[in-house]
Amino acid sequence: MEFRAEWSKLIETQPFCFLGSITENGYPMIRAMLKPIKIEDNQLYLHTNTSSNKVHQLLENPKACLYFYDGKTFTGVSLIGEMEVLSEEQDKREFWQESYDIYYEKGGGLPDFTVLKFTIIEGEFYQNFNVLTF
């Protein structure tokens, strides 16, 4: 993917991103998320509460969008792809960190901890008032 170094750096340095998913009524919904816990090739891994609406939405319709933005440099990257909900105990244990306890109260965290695996299909990188697609 072209411009990979530039938009990868943006993703790695931002503490938050925005996730877009489709509601049960077919409308887009955007919410803030903590930054990815792992970035590997064209896949980004995030975490969330199993009980959240977004998990149910992504199970029904895996089409999603992630947006990362740096307001200081007016730079952003919008990624379109598909989200897989990883709810197996093995996946949870691989990514679990004790610092997550503040977000996941139920029984050591794991019961309400889910990993989201986002696979990039295409994207747009905004920099210096230019849009670069990949």
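Here the working numbering is used: the first residue of the sequence shown is -9, the next is one more, and so on.
Where is the CB? At the ideal position from N, CA and C, for every residue including glycine.
- DSSP places D31 in no alpha helix (DSSP H); its state is neither H nor E.
- With respect to Y17, F108 sits apart: the two C-beta atoms are not nearer than 9 Å.
- In this structure, the alpha-carbon of L122 lies about 35 Å from that of T40.
- Cβ contact annotation for L48 (same chain, cutoff 6 Å, sequence separation greater than five): S11, M73 and V75, in chain order.
- Restricting attention to E50, Q80, T104 and F103, the CA atom closest to the CA of T13 is found in E50.
- Around the C-beta of T63, fewer than 16 other C-beta atoms lie within 10 Å, and the residue is accordingly described as exposed.
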